[in-house]
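Engineer:
In the numbering used here, the protein residues as written are 27 to 338.
1) Smallest Cα separation from residue 250: which of 122, 55, 237, 118?
2) Quick check on the DSSP output: what are the complete beta strand (DSSP E) runs of length 3 or more inside the region 203–270, in order along the chain?
3) So residue 119 is in the beta strand (DSSP E); what residue range does that whole segment cover?
4) Measuring only the C-alpha atoms, how far is residue 93 from residue 37?
5) By alpha-carbon positions, which one of 88, 296, 39 ends up nearest to residue 202?
6) Measuring straight from C-alpha to C-alpha, what distance separates residue 291 and residue 116?
7) List the DSSP bridge partners of residue 290.
8) Assuming residue 275 and residue 256 make a contact with CB atoms under 8 Å, what is their CB distance in whole Å?
9) If you follow the beta strand (DSSP E) that residue 276 is part of, which residue opens it and which one closes it?
10) What is the DSSP secondary structure of residue 152, reduced to helix, strand or coil?
11) Which whole-angstrom value is the C-beta distance of residue 204 and residue 299, which I expect to be below 8 Å?
12) Under the three-state reduction of DSSP, which class applies to residue 27: helix, strand or coil?
13) Using only CA atoms, which one of 27, 132, 77 lies nearest to residue 259?
14) Can you tell me the Cα-Cα spacing of residue 293 and residue 215, whole angstroms?
15) Keeping to the same chain, check which residues put their C-beta closer than 6 Å to that of residue 120; ignore five residues upstream and five downstream.
16) Shortest alpha-carbon distance to residue 168 belongs to which of 53, 47, 320, 41?
17) Measuring alpha carbon to alpha carbon, tell me which of 323, 243, 96 ends up nearest residue 225.
18) Along the chain, where does the beta strand (DSSP E) containing residue 176 start, and where does it finish?
19) Looking only at C-alpha atoms, which of 70, 56, 43 sits nearest to residue 27?
20) Just verifying my parser: in three-state terms, what is the DSSP assignment at residue 85?
21) What's the C-alpha gap between residue 184 and residue 240?
22) In the DSSP output, what is residue 299 paired with across the bridge?
23) Measure the alpha-carbon distance for residue 144 versus residue 261 and round it to whole angstroms.
24) For residue 305, write down the residues that DSSP places opposite it in a beta bridge.
25) Counting only the same chain and skipping the five closest in sequence on each side, list residues whose C-beta sits under 7 Å from that of residue 163.
26) May I ask you to list the residues that DSSP assigns as paired with residue 79?
27) Along the chain, where does the alpha helix (DSSP H) containing residue 165 start, and where does it finish?
28) Give the C-beta separation of residue 41 and residue 85 to the nearest angstrom, bearing in mind that I take them to be a contact with Cβ-Cβ under 8 Å.
This is how it looks when you write it as structure tokens:
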């Protein structure tokens, strides 16, 4: 009996994700294609691996046993690929990287340019996603790496890393107040508490950035009045330019600021850290380490403060 690694991967994904539709999406196949391949796997082993319960499909007992062994086989295959990568004289690999909208136009391009210059054999495919989706996507293997953000000065907005992922610091951004031209009469720096009576243009509390703003304002003694809920920093600043409120923008977002606004520093600095997330099991993979080094160097080139002492 010869088992197909390709089909074992499909069984493994079905076991992890619970439905044929989600497994197919993770593998970039149609549900019918996955169903056909799993039917072929059943013929290979001569045992029933799946059973229908209503309109859903679930693993039989022997299907679950085989899925557990499949996970071990796939982990060994991944270790073998990492070993082969280490043995290469010229690094060759494919990486899928999650990027955030707030970094896509600033930190990501120079990172990819540096990586291509240093290791032209490393091919990178990027995927934009929301901050709340990054950790699970890396943990589940949908992404090799992802940029993430956290707010170290505000423990009420914690980022709790999964035991199966590792986060590497790339750099630190400072947050700034962006206000309509002429609204504030002082040149700054400003105190967050003095902005209690202003309307805000900002993300809602369903986002990490929105929760961070809410926590910062509450710590300063007030609840922010969100007049216009906007997730994109460029859109928020355009609303500010129209005189509709004030907003918070990080260092990298300031390159998008329109005319008609002013930028102010805070008397008590507000920071957020830019990090790269990857699975603990692959943190020694040469191509991933090369990507992290490129991100650290790109961040330094953009003058992000407090970079790590050295790249991993």
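We put the beta carbon where it would ideally sit given N, CA and C, even for glycine.
Structural biologist: For this structure:
1) Residue 250 has its Cα closest to that of 237, out of 122, 55, 237, 118.
2) Within the region 203–270, the complete beta strand (DSSP E) segments of 3 residues or longer fall at 225–228, 251–255, listed in chain order.
3) Residues 119–125.
4) So the alpha carbons of these two residues sit roughly 6 Å apart.
5) Minimum Cα-Cα distance from residue 202 among the listed residues 88, 296, 39 corresponds to 296.
6) Going by the C-alpha atoms only, they are around 45 Å apart.
7) Looking at the DSSP assignment, residue 290 forms a beta bridge with 203.
8) That belief does not hold up - the Cβ atoms of residue 275 and residue 256 are roughly 12 Å apart, past 8 Å.
9) Segment 273–276, the beta strand (DSSP E) holding residue 276.
10) The answer is strand: DSSP assigns residue 152 an E or B state.
11) 21 Å between Cβ atoms; not a contact.
12) Looking at residue 27 - three-state DSSP - the assignment turns out to be coil, as it is neither helix nor strand.
13) Measuring from the Cα of residue 259, the nearest candidate turns out to be 132.
14) Approximately 5 Å, taken between the alpha carbons.
15) Around residue 120: 149.
16) Ranking the options by Cα distance to residue 168, first place goes to 53.
17) Of 323, 243, 96, the smallest CA-CA separation from residue 225 is found for 243.
18) Residue 176 -> beta strand (DSSP E) spans 171–176.
19) Closest by C-alpha distance to residue 27, out of 70, 56, 43, is 70.
20) Three-state result, residue 85: strand.
21) Note that residue 184 has pLDDT 49, beneath the 50 cutoff, so the model's placement of it is unreliable and the number below is only indicative. So the two alpha carbons sit approximately 13 Å from each other.
22) For residue 299, which the question treats as bridged, DSSP gives the partners 176, 198.
23) Approximately 35 Å, taken between the alpha carbons.
24) Answer is 191, bridged to residue 305.
25) So the list reads 124, 155, 169, 172, once near-sequence residues are dropped.
26) Beta-bridge pairing links residue 79 to 82.
27) Judged by DSSP secondary structure, residue 165 falls within the alpha helix (DSSP H) whose first and last residues are 157–165.
28) Contact holds; Cβ gap of about 6 Å.
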